Amino acid sequence: MARRKPPAQHGARSEDGQAQTTAPPPLKRGPWTAEEDEVLVRFVAREGEGRWRTLPRRAGLLRCGKSCRLRWMNYLRPDIKRGPIAEDEEDLILRLHRVLGNRWSLIAGRLPGRTDNEIKNYWNSHLSKKLIAQGLDPRTHMPLAAAPGKTAAATHKTTAAPVVVPPQPPPPPGPVLPTSSAAGTGSDGHDNPGDGGNDDLAATMSVDADGFEGFGDQLLADYAASRGGFEDVMGCPMVDDDTFTSFLDSLMNERQLAADHKGVMNDQGGAI
DNA sequence: AACTTAGGCAACCGCTTTAAA
DNA sequence: CTTTAAAGCGGTTGCCTAAGT
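Sequential numbering from 21 applies to the first sequence in the working numbering.
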């Protein structure tokens, strides 16, 4: 169901947006054809992933490297799971999002076969609305402040400021988690579904807490405290790598965890 | 039946981070 | 140490389809 305006061949920019002086080859844009898919699949099978920038030329594709990578990661990888998001997957997404926020790649890393793009789209088109309908702020999973006529009724299209979020009080002290620096950590960023892909997360989780909303999570706090993994440093609760990794695992493997904290969640308006 | 609106999702954009030279 | 290339990420766009009028 891909539709992206095909023309727009403004070749005046490289794939990274930098201006170019020499006339670039006419890069194709828009939806991929079955033929292109086949070429890419065959090439990756033969040469392996990586070197995306040069891949198009080597493979004989008139696409930019970014486009090839995206197509492979989001659609052509053999381990991609097709089909609707299952109920348990949805439940996991909700719980992970509550802890991780919009870290789609990290969330995807915990859902084998699902891509960050797919989860992001699913979140924006389904789950955020679901939370709103429950009176919860999709960003923080906290109860929406009563804002007459400005919440669930606020229809939106896709993600552009999808949710009317009233000014929030500072989130409760949350674990110190990585911000966008979780990106680009040497792994392919998609965290190889199912392979403990939050290692990079854990490695960076002590960086800073700025900009991470939706994580003020009593769930993790309790969990970490129970593990003795909490320290209060500069007013910011910290968790160690193992604690956080275990916590994410527990989110996946122990539905009981949520039940154990039901009281907490109820206090917050029944989040999740 | 024709038109309009909303939803869904693949693809693109721009920025950040990391690694290599 | 600095610069540059490569890769990855989150946000956004825009087309197609379905539902509604």
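For every residue, glycine included, the Cβ atom is placed at its ideal position computed from N, Cα and C. Being a predicted model, the structure only gives us computed values, none of them experimental.
Could you give the distance in angstroms between the alpha-carbon of residue i and the alpha-carbon of residue j?
{"i": "residue 158", "j": "residue 143", "result": "9 Å"}
{"i": "residue 83", "j": "residue 130", "result": "30 Å"}
{"i": "residue 58", "j": "residue 104", "result": "24 Å"}
{"i": "residue 79", "j": "residue 162", "result": "49 Å"}
{"i": "residue 77", "j": "residue 128", "result": "30 Å"}
{"i": "residue 164", "j": "residue 154", "result": "9 Å"}
{"i": "residue 63", "j": "residue 100", "result": "18 Å"}
{"i": "residue 124", "j": "residue 160", "result": "15 Å"}
{"i": "residue 81", "j": "residue 56", "result": "7 Å"}
{"i": "residue 119", "j": "residue 126", "result": "11 Å"}
{"i": "residue 51", "j": "residue 95", "result": "12 Å"}
{"i": "residue 69", "j": "residue 115", "result": "31 Å"}
{"i": "residue 121", "j": "residue 140", "result": "11 Å"}
{"i": "residue 109", "j": "residue 132", "result": "10 Å"}
{"i": "residue 106", "j": "residue 149", "result": "17 Å"}
Looking at the unbroken alpha helix (DSSP H) that takes in residue i, where does it start and where does it end?
{"i": "residue 164", "result": "Per DSSP, residue 164 belongs to no alpha helix (DSSP H) and is neither H nor E."}
{"i": "residue 150", "result": "148–153"}
{"i": "residue 66", "result": "54–67"}
{"i": "residue 137", "result": "136–142"}
Of all the options the options, which has the alpha carbon lying nearest to the alpha carbon of residue i?
{"i": "residue 92", "options": "154, 164, 136, 150", "result": "136"}
{"i": "residue 73", "options": "79, 150, 49, 86", "result": "86"}
{"i": "residue 134", "options": "97, 146, 54, 120", "result": "97"}
{"i": "residue 112", "options": "154, 147, 69", "result": "147"}
{"i": "residue 151", "options": "61, 94, 117", "result": "117"}
{"i": "residue 49", "options": "90, 66, 67, 65", "result": "90"}
Under the assumption that residue i contacts residue j (Cβ atoms under 8 Å), give the Cβ distance between them as a whole number of angstroms.
{"i": "residue 47", "j": "residue 88", "result": "That pair is no contact at about 11 Å."}
Exercise. In the segment 70–130, which residue ranges form an unbroken alpha helix (DSSP H) of at least 4 residues, counting only runs that do not cross its ends?
Worked result: 75–79, 85–91, 107–120, 124–129
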